Amino acid sequence: MTLSETSVETSGLEVWIDQELCTGDGLCVQYAPEVFEFDVDGLAYVKDAAGDLKLGAGLRVDVPAGLRLDVIDSAKECPGNCIHVNRVTDGVPVAGPEAGSGSGAGPEA
Ligand code: SF4
1 MTLSETSVET SGLEVWIDQE LCTGDGLCVQ YAPEVFEFDV DGLAYVKDAA GDLKLGAGLR
61 VDVPAGLRLD VIDSAKECPG NCIHVNRVTD GVPVAGPEAG SGSGAGPEA
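Counting with the UniProt record's numbering, you get residues 1 to 109 for the letters of the sequence shown.
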């Protein structure tokens, strides 16, 4: 675990996708359709509270409070390992390829 679950519950988070690595499988769209959506290119993008897709490379959106754990789970299970979830206050990676230990390659029960 990289950060305590308590921290995740109370911290503002932001998320972005590296489309260069997206496989287009749609796991994230299933987990949190309010935050992730496919564009016509078949790749997933983040969208803001107004529902507008962020199509520029590296553009990020705030994660709605009620969707933090869904977004973190998406990042942990993303086959492309390309969903980046960071804490807003200091940019510390919470989930995704930069989060270090606690996601991805950890032992499965
Ligand atoms: S889970 Fe990852 S690889 Fe799959 S569509 Fe979403 S961003 Fe792309």
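Don't be surprised by glycine CBs; every beta carbon is placed ideally from N, CA and C.
What you are looking at is a predicted structure, and each value in this text was computed from that prediction instead of being measured.
Coarse secondary structure for residue i, derived from DSSP in three states
i, result
"aspartate 62", "strand"
"lysine 76", "helix"
"leucine 69", "helix"
"valine 46", "strand"
"valine 88", "coil"
"glutamate 108", "Model confidence at glutamate 108 stands at a pLDDT of 44, short of 50, so the residue's coordinates are unreliable and nothing is read from them."
"valine 29", "helix"
Per DSSP, cross-strand counterpart(s) of residue i
i, result
"isoleucine 83", "Ile17"
"leucine 53", "Lys47"
Cβ-Cβ distance between residue i and residue j below 8 angstroms
i, j, result
"leucine 21", "valine 94", "no"
"valine 61", "valine 15", "yes"
| query | Just checking, does the region 20-30 make contact with the region 77-89 on the three C-beta pairs under 8 angstroms criterion? | reply | yes
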